[in-house]
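Numbering (our numbering), first residue to last: 1 to 545.
Don't be surprised by glycine CBs; every beta carbon is placed ideally from N, CA and C.
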Amino acid sequence: MFTRFLYVSIFVVLVSLPLSSGVDDRYSTCSSSLFTCGNITNIGYPFWGDGRPQYCGNPVLQLQCINNLDVLYPYLKIGPKDLSPYYVVSITASERNLTLKLHGAPQRPCDSYGQDFGKILELSESVERVNVLYNCDKVLAGDYNDESASCYENQTKVDVYYRSNMSAHGEYASCKSAVAPVFRKELESYNNRKSNFSQVMNQGFEVVYEYTSDCVKCRNSRCICGSSSSNFVCLCKPGKRKFILGIAILGGVIILAMFTVALWCYKKRKFRSPSLLSRMISMDHTASDLENGTSFHGIPVFPYSELHEATNNFDEAQELGDGGFGIVYYGKLRDGREVAVKRLYEKNYKQVGQFMNEVEILTRLRHPNLVTLYGCTSRNSRELLLVYEYVSNGTVADHLHGDRSGSSGGLTWEIRMKIAVETANALLYLHTSEIVHRDVKTTNILLDSNFNVKVADFGLSRLFPIDMTHISTAPQGTPGYLDPAYHKCYQVTNKSDVYSFGVVLIELISSLPAVDIRREEDEINLSDYALHRIQRGVLHDRRRN
């Protein structure tokens, strides 16, 4: 499996060369070919048409410019071709939505008044749907509209009637009915007899288009929104794509370097002195290790009361994250240190084992890219608590596709490279210390204020003796990051971490999550998604499903 992944990494580097050297001109095309017709000018996404390519907009929102007696009129076709177009009176764009004022085209079919816009457009709050009658067998009298509007039935002009309370009258049984959108203000004016219904209908109505969250992120990154078939695409300047080559090469180099180190370690096994593993196994951590005294393996044992106070009684407002084994809270110790306190969900045999495992491993590790364990509670304490250094800048996942992904500047390509290198250094240190992390993922990679990496969460980590090829164990970890060989054969090695790290690299390149059920079924896992892109030669495609 590792060899296959290595070959894939080399293939990524090779396939990136032609993709990165070619110029994707869709960004420049969409930026320059804005729609203009009459008084509607410089219209971009989500519209396309009349010289503006379809990939520059939403495929179902096509604008057409029609010349009628030397006057240019913009028309909007929504969805299938058999639906009648709307005349666009105005377009007002804002940060997250746009508003269109529309009214029916000349000789508009009567049954098109109730046209469903689906999920593309929504009526604005200024619009109300009203029931109208048309194609009646007789002229309606009474308190219906004083002057009828009109529509076309089988290419014949017919009158359109409206009244606010039609349920009280039965004379309209011979009529056909439809639902028409009109401005609420105009309808109120008509009801107060300040206008006729024809004027109400001629004022048109207003619809709203909401940009998707993907499009908002794309715009915030100074790129432009587009489409590919029915899928969203973020189009960026060609220069931004050059870094994909750098990341791909970096990923290949890092994996090749780790492979080289692994071979070197294999050759050194016969001549190595007694290992860290043998030293750790020989240490018997009895119950008294934690129950008596004020330290365990050289780290302080904190009273439960102090940590309860430090986290403000485990206030929900101080939650930093919620993982598979516990909730992490921000806290401040009595000596002023800021800490992150992990509170395990329940105190059972399995949780105690994970608690002891994380304490044992972290107390023997010292590396600038690994989170530091400050202390813990006694295993006989009211609750099992681990106290870590506080890392203030969230996780890599937060910055790629979480709460911090829309922050100013985001993760620059230089920072992404720094994260990749420092994470690789941390894993290399673990593996040379005979430890397999088993849960490498972007939510377990913390960042400080200077974007330095701190790999965290060692609850699933295992000691890996140098004289063993693998450890047999039930698969544990996070979907999307699990090595398929580990999942299939129940055998974990340090190569399992390397596979997970490869998924992290793809996340750094694409900013896409490792698992996304909105993607196609065979591309839910990001590793499959990336392989399919490579095989089809579309590595540059940042499609969001």
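Minimum C-alpha distance to T443 - residue among D403, V396 and E422: V396
Validate contact between the region 354-369 and the region 426-438 using beta carbons, cut 8 Å, 3 pairs: yes
Reference M356; option with closest CA among A514, Y330 and L385: L385
Proximity winner among V391, E358 and I299, relative to G331 (alpha-carbon distances): V391
Nearest candidate by alpha-carbon position, reference T41, set E186, L63, S28 and V127: L63
One or two residues paired with K441 in a DSSP bridge: BP columns for K441 are empty, so no partner.
Option nearest I534 by Cα separation, candidates S510, L373 and L446: S510
Bridge partners - V301, DSSP secondary structure assignment: C376
Of the residues V208, C225, N68 and L187, the one placed nearest S90, counting alpha carbons only: V208
Alpha carbon of Y87 to alpha carbon of N68, nearest angstrom: 12 Å
Spatial neighbours of E422 in its chain, beta-carbon cut-off 6 Å, leaving aside the 5 residues before and after: N369 and V453
Span of the alpha helix (DSSP H) around I534: L526 to R536
Inter-residue Cα distance where the pair is F35 and S126: 26 Å
Sub-8 Å separation of C333 and F458 beta-carbons: Note that residue 333 is Leu in the sequence shown, not Cys. Not in contact: L333 and F458 (Cβ atoms no closer than 8 Å).
Pick from K418, S449 and D483 that is closest to L508, judged by C-alpha positions: K418
One or two residues paired with T395 in a DSSP bridge: L446
Exposed unless 16 or more other CB atoms sit within 10 angstroms - verdict on P181: buried
Top-ranked residue by Cα proximity to R374, from G402, R337 and G394: Contrary to the premise, residue 374 reads as Tyr rather than Arg in this sequence. Out of G402, R337 and G394, R337 has the C-alpha closest to the C-alpha of Y374.
Between the CA atoms of S31 and D448 - distance to the nearest angstrom: 37 Å
Bridge-paired residues (DSSP) for S150: D159
Cross-strand partners of E389 (DSSP beta bridge): V339
Element boundaries [beta strand (DSSP E), containing Q64]: L61 to N68
Residues of its chain near R536, where Cβ-Cβ distance is below 7 Å and the 5 sequence neighbours each way are ignored: none
Supposed close pair C110, V158 - CB separation, criterion 8 Å: 7 Å
Where the alpha helix (DSSP H) through E316 begins and ends: Per DSSP, E316 belongs to no alpha helix (DSSP H) and is neither H nor E.
Counted within 10 angstroms of its Cβ, other Cβ atoms place I517 as buried (16 or more) or exposed: exposed
Coil, strand or helix - V371 by DSSP: coil
Residue span of the alpha helix (DSSP H) that contains V515, given as start and end: Looking at the DSSP string, V515 is not in any alpha helix (DSSP H), and its letter there is neither H nor E.
Distance between beta carbons of R26 and Y55, contact taken as under 8 Å: 6 Å
Cβ shell of R560 (< 6 Å), same chain only, five flanking positions each side left out: In the structure as shown, the chain begins at 1 and stops at 545. Residue 560 is therefore absent and cannot be evaluated.
Secondary structure of C218, DSSP reduced to three states: helix
Sequence-distant residues of its chain with Cβ nearer than 6 Å to D585 (five each side left out): Nothing about residue 585 can be read from this structure; the chain reaches only from 1 to 545.
Residue environment, G204, which counts as buried when at least 16 other CB atoms sit within 10 Å: buried
Contact under 8 Å by Cβ, A93 with Y134: no
Supposed close pair K342, V359 - CB separation, criterion 8 Å: Actually they do not touch by this definition, with Cβ atoms about 11 Å apart.
Where N154 falls, given that 16 or more other Cβ within 10 Å makes a residue buried: exposed
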